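So this is what it looks like as structure tokens:
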């Protein structure tokens with residue numbers, strides 16, 4: 072609404088009317104889409120973080136719980152400090168190089184695993200993948216992290232059992248040869264080596 076004046080008096084009014092139904096519909100669709108996206112990300116079981124220039128720009132509930140983040144808008148720098156503090160120092164340089172390579176567009180492995188110190192002080196194994204994205208006009212990293220502590224423990228237990236089994240089989244007095252279902256030798260103990268005259272590599 073634009074008033075037309077003559078001196079101090081308003082002598083007429085120009086009214087411009089625009090149909091914004093289509094634009095409003097698009098805005099509503101965007102709002103619904105953003106709400107759906109935020110709901111999915113916030114309730115994901117994996118930790119999801121957006122990292123940009125030494126700050127955590129966005130984090131979901133799983134990331135806040137895993138790394139002890141606040142998620143508050145004013146805590147972006149502090150949250151990044153908490154995130155880095157949680158990561159085992161032996162992996163920091165490796166992680167820095169990976170992130171630098173990713174931002175520079177150099178190829179990096181899809182997954183990387185590293186240890187963190189959780190909120191309760193316990194060591195946890197994390198498997199992470201990250202991709203670059205545009206965040207408010209600047210490059211950022213979208214990092215997705217999964218707690219694989221349980222899987223690592225199982226793998227370590229299986230490896231210990233495998234080693235114990237190998238020691239047992241190599242030390243018993245009977246010859247033992249094990250094959251896979253295709254018939255290829257996967258294990259031959261010392262006694263079997265002596266009986267057959269084959270070394271493990273030859274067998």
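Residue numbers (my numbering): 72 to 274.
Every residue gets a Cβ at the ideal spot worked out from N, C-alpha and C, and that includes glycine.
None of these values were measured; they are calculated from a predicted model.
Of the other Cβ atoms in all chains shown, fewer than 16 fall within 10 Å of the Cβ of residue 114; this residue is therefore exposed.
Where residue 234 is concerned, the enclosing alpha helix (DSSP H) starts and stops at 220 to 242. Taken through DSSP and simplified to helix, strand or coil, residue 131 comes out as coil.
Residue 117 and residue 178 have their alpha carbons spaced roughly 23 Å apart. Secondary structure note for residue 198: its beta strand (DSSP E) is the uninterrupted segment 194 to 206.
A check of alpha carbon separations from residue 176 across 186, 83, 247, 203 identifies 203 as the nearest.
The C-alpha of residue 253 lies about 14 Å from the C-alpha of residue 274.
Partner residues in the beta bridge of residue 77, as assigned by DSSP, are 80. In this structure, the CA atom of residue 140 is about 16 Å from the CA atom of residue 112.
The C-beta separation of residue 158 from residue 187 comes to about 5 Å, placing the pair in contact by the 8 Å criterion. Assigned with DSSP and collapsed to three states, residue 217 falls in strand.
Judged by their CB atoms, residue 257 and residue 244 are not nearer to each other than the 8 Å cut-off. Taken through DSSP and simplified to helix, strand or coil, residue 209 comes out as strand. Along the stretch 90 to 163, the beta strand (DSSP E) occurs as fully enclosed runs of 3 or more residues at 118 to 123, 126 to 130, listed in sequence order. Boundaries of the beta strand (DSSP E) harbouring residue 256: 256 to 259, taken from the DSSP string.
Under the criterion of beta carbons closer than 8 Å, residue 128 and residue 211 qualify as touching, at roughly 6 Å. For residue 196, the CB contacts under 7 Å within the same chain, skipping 5 residues up- and downstream, are 184, 186, 219, 220, 223 in chain order. By the neighbour-count criterion, in which a residue is buried when 16 or more other Cβ atoms sit within 10 angstroms of its Cβ, residue 236 is exposed. The C-alpha of residue 96 lies about 44 Å from the C-alpha of residue 167.
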